[in-house]
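Novice:
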Amino acid sequence: MGGGQGPAGPNERRVEIRPSAQLIYDTNVYRVGQGFDLGGLARDDVRVTPSVDAIIALPVGRQTVFLNGNVGYDFYRRNSRLDRERIALSGGAQLRAGQRCSATVTGGYVRQQSDFTDVFATLAVPNTDERRSIDVQASCGGQVGLTQSFGYRHDESRNSSDLFRPLNTNSDSFNASIGYQRPTFGVLSIYGTYTTSAFPERRFLTPTGLVRDGVENYSAGISFERQIGRRITGTIALGYTWVNPRLDDTPDFRGVSYRAAIDLRPNDDFTVNLTASRNVEVQNFVAASYSITDLYGLTGTYQFNPRLRMNFGSSYQKRDFRAGPQLGGLPGFLLLPEDEVITGNIGLSYDLTRRLTLTTGFVQERRDSNNPIFNFKSSVVTAGISLLL
-9 MGGGQGPAGP
1 NERRVEIRPS
11 AQLIYDTNVY
21 RVGQGFDLGG
31 LARDDVRVTP
41 SVDAIIALPV
51 GRQTVFLNGN
61 VGYDFYRRNS
71 RLDRERIALS
81 GGAQLRAGQR
91 CSATVTGGYV
101 RQQSDFTDVF
111 ATLAVPNTDE
121 RRSIDVQASC
131 GGQVGLTQSF
141 GYRHDESRNS
151 SDLFRPLNTN
161 SDSFNASIGY
171 QRPTFGVLSI
181 YGTYTTSAFP
191 ERRFLTPTGL
201 VRDGVENYSA
211 GISFERQIGR
221 RITGTIALGY
231 TWVNPRLDDT
241 PDFRGVSYRA
251 AIDLRPNDDF
261 TVNLTASRNV
271 EVQNFVAASY
281 SITDLYGLTG
291 TYQFNPRLRM
301 NFGSSYQKRD
311 FRAGPQLGGL
321 PGFLLLPEDE
331 VITGNIGLSY
341 DLTRRLTLTT
351 GFVQERRDSN
361 NPIFNFKSSV
371 VTAGISLLL
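Going by the numbering used here, the sequence shown opens with residue -9, and the numbers climb by one from there.
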């Protein structure tokens, strides 16, 4: 949301409505290789996306209810078959019990034309990606002493195209941690997670009967978080992950998982965020039971003056997809052993007035894989305007 602020804090009333419009030029709409024949479809295109952003937080006694989201529509100049609504909403409540315990309950809904970086539609098939989620997180603890947390999350992902329905997913995840915190020390925790995921449209006949494709994922480890002065905050988590596929012939995984982040603020105008992680993911865009994903990223902002801001970022992602021989019967353009994606971006935001903001940006992306069908390069240029009501 151009010129917007972060989420409202507990018991803070906030209502922001921001209509906006973006003009986007994309050199490779379908995310295909340079030599791929699109059968008369336009490779590059201009898209206009009018939308409305909202951040709403309303205190109710000691509790807070909230709604955040964006609703818009994509209009393509040359690829009107991709015109589609773009919806991303999350809402729920922040709850407090006593002085030491709190909980957040959140429901989410997303509906949009699939990003062709994700859906490997080398046939350029339009596909609406629809996702629903429910998330409950609770924690107890004071500034000094023991802390406890636990949570549950349910996710559903659906594809409208018959071609991609075998990639629909359901997942349920549980997490818990116990730790110790002290302002001069930081927060040291032991954590554990359990996730079960399934592909409701993918069933295979095995010697033991009809089995639905999916995985169970266990992870346990230790994490540490500390703030050093006003300008440095760091988090590191190191664990071990076990992945047990439901299909006997799908390779399992036993290995290290990790997550690290450091936030740097060299001065009041400049921030830099560095991240690194390895985790197991179940995704709805490729014919695999799961992937082992390594992700490294850098983002930052610089405030030139009260009106002009710059943002920048770069990321490197490597995915190792695991699948059994049962998936070999799916179309070849859905099969991907591994890939690497490199992304870089830079943008500017300028406040013409207290309410009117102009934005511009540039994004470049490249994917390389051991299946050349999926290799591509793309560049995207954006210009936008938004008005805070």
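Ideal placement from N, C-alpha and C gives every residue a C-beta, glycine not left out.
With R74 and V36 assumed to form a contact (beta carbons below 8 Å), what rounded beta-carbon distance in angstroms separates them?
Specialist: Against the sequence shown, residue 74 aligns to sequence position 84. Against the sequence shown, residue 36 aligns to sequence position 46. In fact, because the Cβ distance is near 16 Å, the residues do not count as touching under 8 Å.
Novice: Counting only the same chain and skipping the five closest in sequence on each side, list residues whose C-beta sits under 8 Å from that of G(-4).
Specialist: As a working mapping, residue -4 is identified with position 6 in the sequence shown. Confidence at G(-4) is low in this model, with a pLDDT of 45, below 50, so the placement of that residue should be treated as unreliable; the coordinate-derived value is given next. The answer is none, since no qualifying residue turns up.
Novice: Under 8 Å, with one C-beta from each stretch per pair, do the segment 194 to 204 and the segment 215 to 231 reach the 3-pair mark?
Specialist: Fewer than three Cβ pairs drawn from the segment 194 to 204 and the segment 215 to 231 lie within less than 8 Å of each other, which leaves the two stretches out of contact.
Novice: Which runs of the alpha helix (DSSP H) fall wholly inside the segment 258 to 293 and span at least 4 residues, in chain order?
Specialist: The qualifying runs do not exist here; there are none.
Novice: Look at the alpha carbon of S147 and the alpha carbon of S161, and state the distance between them as a whole number of angstroms.
Specialist: Reading the sequence shown from its first residue, position 157 is the one you call residue 147. Reading the sequence shown from its first residue, position 171 is the one you call residue 161. Computed Cα separation, rounded: 9 Å.
Novice: For R221, tell me which candidate among N58, Y184, D253 has the shortest Cα-Cα distance.
Specialist: Here the question's residue 221 lines up with position 231 in the sequence shown. Of N58, Y184, D253, the residue nearest in Cα terms is D253.
Novice: Hey, could you find the ends of the beta strand (DSSP E) R193 is sitting in?
Specialist: In the sequence shown, counting from the first residue as 1, residue 193 sits at position 203. Residues 176 to 196.
Novice: Ordered along the chain, which non-local residues of its own chain (more than five positions away) have a Cβ less than 7 Å from that of G59?
Specialist: Here residue 59 is taken as the residue at index 69 of the sequence shown, counted from 1. Within the same chain, G59 has close Cβ partners A44, A78, L79, S80.
Novice: Can you name the residues that DSSP bridges to F214?
Specialist: On the sequence shown, residue 214 is found 224 positions in, with the first residue counted as 1. Answer is L178, I226, bridged to F214.
Novice: For a test of the three-state rule: what should DSSP assign to L377, helix, strand or coil?
Specialist: To locate residue 377, count along the sequence shown from 1; it is residue 387. Looking at L377 - three-state DSSP - the assignment turns out to be strand.
Novice: Keeping to the same chain, check which residues put their C-beta closer than 6 Å to that of S167; ignore five residues upstream and five downstream.
Specialist: Your numbering for residue 167 matches position 177 in the sequence shown. S139, S179, Y181, listed in sequence order.
Novice: Flag this pair as yes or no: are the beta carbons of R86 and G132 separated by less than 8 Å?
Specialist: As a first step, residue 86 must be located in the sequence shown, where it is residue number 96. As a first step, residue 132 must be located in the sequence shown, where it is residue number 142. Contact: no.
Novice: Can you tell me which of the three DSSP states F364 falls into?
Specialist: Position 374 of the sequence shown, counted from the first residue, corresponds to residue 364. Note: F364 maps to helix in three-state DSSP.
Novice: Can the beta-carbon of V134 be found less than 8 Å from the beta-carbon of Q84?
Specialist: Here residue 134 corresponds to residue number 144 of the sequence shown, with the count starting at 1. Here residue 84 corresponds to residue number 94 of the sequence shown, with the count starting at 1. The criterion of a C-beta distance shorter than 8 Å is not satisfied by V134 and Q84.
Novice: Measuring CA to CA, which of T186, S376, R216, V370 is closest to R33?
Specialist: Position 43 of the sequence shown, counted from the first residue, corresponds to residue 33. Taking only the C-alpha atoms, the option nearest R33 is V370.
Novice: List the DSSP bridge partners of L298.
Specialist: Counting from 1 along the sequence shown, the entry for residue 298 is found at position 308. DSSP lists Y340 as partners of L298.
Novice: Going by DSSP, which residues form a beta bridge with F140?
Specialist: For this step, residue 140 is matched to residue 150 along the sequence shown. Partner(s): A128, A166.
Novice: I'd like to know if the segment 17 to 26 and the segment 358 to 373 are in contact, where contact means that at least 3 CB-CB pairs between them fall below 8 Å.
Specialist: yes
Novice: Could you tell me the alpha carbon to alpha carbon distance between P362 and V19, rounded to whole angstroms?
Specialist: Here residue 362 refers to the residue found at position 372 when the sequence shown is read from its first residue. Here residue 19 refers to the residue found at position 29 when the sequence shown is read from its first residue. When rounded, the distance between both Cα atoms is 18 Å.
Novice: Three-state secondary structure (DSSP) at R244?
Specialist: Here the question's residue 244 lines up with position 254 in the sequence shown. Here R244 sits in strand by DSSP.
Novice: With DSSP run on the structure shown, which of helix, strand or coil describes S150?
Specialist: What you label residue 150 is simply residue 160 of the sequence shown in a count that begins at 1. Three-state result, S150: coil.
Novice: Can you list, in chain order, the residues of its chain whose CB lies under 6 Å from that of Q127, leaving out five sequence neighbours each side?
Specialist: The residue you call residue 127 lines up with position 137 of the sequence shown. Closer than 6 Å at the Cβ level, and outside the excluded window around Q127, lie T94, G141.
Novice: Could you tell me the distance, in whole angstroms, from the CA atom of Y286 to the CA atom of R121?
Specialist: Taking the first residue of the sequence shown as 1, we reach residue 286 at position 296. Taking the first residue of the sequence shown as 1, we reach residue 121 at position 131. Looking at the two C-alpha atoms, the distance is approximately 25 Å.
Novice: Could you check what DSSP says for P327 in three-state terms: helix, strand or coil?
Specialist: Here residue 327 corresponds to residue number 337 of the sequence shown, with the count starting at 1. DSSP places P327 outside both helix and strand once states are collapsed to three, so it counts as coil.
Novice: Can you list, in chain order, the residues of its chain with a C-beta nearer than 7 Å to that of R3? Leave out the 5 residues immediately preceding and following it.
Specialist: By one-based count along the sequence shown, residue 3 stands at place 13. Taken in chain order, the residues that qualify are A47, L48, P49.
Novice: Could you tell me the boundaries of the beta strand (DSSP E) in which D27 lies?
Specialist: Reading the sequence shown from its first residue, position 37 is the one you call residue 27. Taken as a continuous stretch (DSSP letters only), D27 belongs to no beta strand (DSSP E), as it is neither H nor E.
Novice: For L153 and R345, what's the separation of their Cα atoms in angstroms?
Specialist: For the purposes of this step, residue 153 is taken as the residue at position 163 of the sequence shown. For the purposes of this step, residue 345 is taken as the residue at position 355 of the sequence shown. If I take the Cα positions, the gap works out to 44 Å.
Novice: Determine the direct distance from the alpha carbon of L264 to that of E215, and round the result to whole angstroms.
Specialist: The residue labelled residue 215 in the question sits at position 225 within the sequence shown. The residue labelled residue 264 in the question sits at position 274 within the sequence shown. Their Cα atoms are separated by approximately 14 Å.
Novice: If we count the other Cβ atoms within 10 Å of its Cβ and call it buried at 16 or more, is S376 buried or exposed?
Specialist: Taking the first residue of the sequence shown as 1, we reach residue 376 at position 386. Classification for S376: buried.
Novice: Based on the DSSP output, what are the partners of Q102 in its beta bridges?
Specialist: For this step, residue 102 is matched to residue 112 along the sequence shown. In the DSSP output, where bridge partners are listed per residue, Q102 has D119.
Novice: From the DSSP output, in three-state form, read off R33 for me.
Specialist: Mapped onto the sequence shown, residue 33 falls at position 43. DSSP places R33 in coil when its eight states are reduced to three.
Novice: Have a look at L237 and G176 and give me their C-alpha separation to the nearest angstrom.
Specialist: Sequence index remark: in the sequence shown, residue 237 carries index 247 (1-based). Sequence index remark: in the sequence shown, residue 176 carries index 186 (1-based). If I take the Cα positions, the gap works out to 42 Å.
Novice: Could you pull the start and end residues of the beta strand (DSSP E) that Q84 belongs to?
Specialist: As a position in the sequence shown, residue 84 is number 94, starting the count at 1. Taken as a continuous stretch (DSSP letters only), the beta strand (DSSP E) holding Q84 covers 74 to 87.
Novice: Out of curiosity, what's the CA-to-CA distance linking A11 and N165?
Specialist: Along the sequence shown, read from residue 1 onward, the residue named residue 11 stands at position 21. Along the sequence shown, read from residue 1 onward, the residue named residue 165 stands at position 175. The straight-line gap from Cα to Cα measures roughly 39 Å.
Novice: Nearest by alpha-carbon distance to R52: which of E355, G88, T39, L72 is it?
Specialist: Indexing the sequence shown from 1 puts residue 52 at position 62. Nearest option by C-alpha distance: G88.
Novice: So is I14 buried or exposed if we call it buried at 16+ other beta carbons inside 10 Å?
Specialist: Along the sequence shown, read from residue 1 onward, the residue named residue 14 stands at position 24. Result: buried.
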